[in-house]
Amino acid sequence: PEFSWSEFFWEYLLPEIMPLGFAIVSALIGAVVNMRIPSALGDLINILNEQATAGLSTAAEYMTGLRGPVMQLVSLYLCQGLATFAYISLLSHLGEKVACKMRKNLFESLLRQDVAFHDQRKTGELIDRLTSDVQDFKSSFKLCISQGIRSTTQTIGCICSLYSTSAKLTLALAATIPIIVLIGSFVGVALRQLSKSAQAHAAEATGKANEVVANFRTVRAFANEPLEGQSYEVLIQKSCKINQVWNFVKLYMRLEKVGNLKSNSLFLNSGQLMSFLVSAQMIQRSLASLSVLSGSAVRGITAGSRVFEYIHLQPSIPITGGRKIPYHCLLGHLRFEDVHFTYPQRPDHEVLKGVTLDIKPCQTVALCGLSGAGKSTIASLAERFYDPTSGNITLDGVDITQLDPSWLRGRTIGYINQEPVLFSGSVEDNIRYGRPDATKDEVVSAAKLANADSFITNFPSGYATVVGERGLALSGGQKQRIAIARALLKNPSILILDEATSALDAESERLVQEALDRVMVDRTVLIIAHRLSTIKNADVIAVMKHGKVVEV
Ligand SMILES: Nc1ncnc2c1ncn2[C@@H]1O[C@H](COP(=O)(O)OP(=O)(O)OP(=O)(O)O)[C@@H](O)[C@H]1O
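Be aware that the sequence shown starts at 31, since it is given in the working numbering, and climbs by one per residue.
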């Protein structure tokens, strides 16, 4: 992925041009003031020398001579402190804003992506781009602006100042510059490689950690904690080693000193020598930090391009846009016509091989067949999680690819699957997820319809009861009934039940089934099920085998 400089400038920097401008000016002022410090120090030392040889007697005499240079030095330090404070705070403000906007854009883009995109990527890797990569980019951006301006200005300024102090020594010093540049560029290339692999390993480790934490019960059930711990350690060790090398290189660059200058001090007085040495050291530090900076810039750009790669990605199925069938005209006639489908990540395996299925308005169609026959895939296609490779799916005669996907999913189809996911928050929040603008009364009546009201009101906090990240505090049957209430809240014309009762015990199944029987009235229903009890009341039973409907 390439980093888009123009986009970064127009979209992220331009709106913040004022703080950016002030930060740059403050950094420049800081650098210029910093360069004045060696000569001010030199002046002070010269005056001290003169006073020592002049044989002054009273403290007042000493103070008179010193006041000027001391005041100069104090005001320079004060200026430098103020400038540093200004650019650090402005850059922090700017960096946070840029990072915030990048995160927002990236997250929105991730939400827009196809289901197939999310099928193919590890959650942890996506989270890593949202967190570490944006963080890396932000740090490197701030460092490049502050250090970059400072070091460049100081290098140029100090060279001028060195030259005016002693041309001879400056030329001698200049001889060492090619070596520094050479080392710097060599280290820069190495850092670029290091940066790429460090980021890739860090993303892999985050992916692993995320997977293990999200599926903690499975890990525990197999007593695989040591195994998972070890494999995480292996991944983290790799990125740790790379980062250690990285830090070592940076440290080395800081410690490296320019050759011994003291032997060449013959033609300078002590003040000049002091000023010369401080300037030379400043140049050396600036050059060293510029080389380190190039490494950091590489890291930032690599991270930035990883972020922009996904921000720019366009989904093949848009989120919104297209026709909506007015509610009073909607019949709920769903039809699959010779539908073929292959999952994008398994192009060699055709899952649906010409499915034709007619689900008439208000009819209940049960879909059964062996595991892997493609039943859930049919539900995913009706929801338009994927588009068929060929063939058509129509709703009331309109191809669903022409319909607004958010209207289709958000209002028209209610989808309940075997493992309902509840979000962290209260029971009420979870039901309201079906239609965020629903009133409390509507939430309660949906819960009553779903056989959930009685157990919810039995909780001490009722509808305000907080359920865990995945609703762990609730039983399977309770979660399922909340999921049914959530789907009912949008009053969908079509209901898809994907093995909604298969994970439940007999009693929970009875309660859920009772709720389902009640809500299936006056709607088009597609039930995917194995159990006879679930499908015996259906109007039509379709049997699937090897990606085809073989019997109706
Ligand atoms: N996201 C996916 N990516 C790739 N292949 C998939 C995906 N989901 C399902 N498949 C494959 O598609 C085929 C049909 O799966 P599907 O889940 O539709 O079957 P099913 O009839 O619902 O099975 P079950 O009754 O076990 O739920 C299977 O071979 C499965 O491996």
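Ideal Cβ placement from N, Cα and C applies to all residues, glycine included. Bear in mind that the values here come from a model prediction, so they are computed numbers and not experimental data.
Residue state for Ser532 is assigned as coil, using DSSP reduced to three classes. Three or more Cβ pairs closer than 8 Å define a contact, and the segment 154-171 meets that threshold against the segment 320-333.
Using a Cβ-Cβ distance cut-off of 8 Å, the segment 62-74 and the segment 359-379 are not in contact, since fewer than three pairs of beta carbons, one from each stretch, lie closer than that value. Residue selection by CB proximity (closer than 5 Å to any heavy atom of ligand 1) returns Asp149, Tyr373, Arg376, Val381, Ser401, Gly402, Ala403, Gly404, Lys405, Ser406 and Thr407 in chain order. Looking at the DSSP output, Gly325 shares a beta bridge with no other residue.
In this model, Leu525 and Arg561 are separated by some 18 Å (Cα to Cα). Taken through DSSP and simplified to helix, strand or coil, Cys392 comes out as coil.
Tyr117 sits buried, since 16 or more C-beta atoms from the chains shown fall within 10 Å of its C-beta.
Counting only unbroken stretches of 3 or more residues, the beta strand (DSSP E) elements lying wholly within the segment 438-507 are 443-447, in sequence order. Around the C-beta of Pro256, fewer than 16 other C-beta atoms lie within 10 Å, and the residue is accordingly described as exposed. When only Cα atoms are considered, Ile514 and Leu44 end up about 48 Å apart.
The closest CA to that of Ile157, considering only Asn240, Ala482, Ser181 and His576, is found on Asn240. By the neighbour-count definition (other C-beta atoms within 10 Å, threshold 16), Arg250 is an exposed residue. A residue is called buried once 16 or more other Cβ atoms fall within 10 Å of its Cβ, and Ala90, having fewer, is exposed. Around the beta-carbon of Cys398, 16 or more other beta-carbon atoms lie within 10 Å, marking it buried.
When the five nearest sequence neighbours on each side are left out, the beta carbons in the same chain lying within less than 6 Å of the beta carbon of Thr419 are those of His370, Phe371 and Thr372, in order along the chain. When DSSP reads this structure, Met312 sits in no beta bridge, so it has no partner. Per DSSP, Leu556 is one residue of the beta strand (DSSP E) stretching across Thr554 to Ile558. Under the DSSP definition of a beta bridge, Glu258 lacks any partner. The beta carbon of Phe33 lies closer than 6 Å to those of Ile331, Gly334 and Ser335 in the same chain, with the five residues before and after it left out. With a threshold of 16 other beta carbon atoms within 10 Å, Cys190 falls short and is exposed. Apart from the 5 residues on each side of it in sequence, Thr407 sits with its Cβ closer than 7 Å to the Cβ of Phe371, Val381 and Leu382 in its chain, given in chain order.
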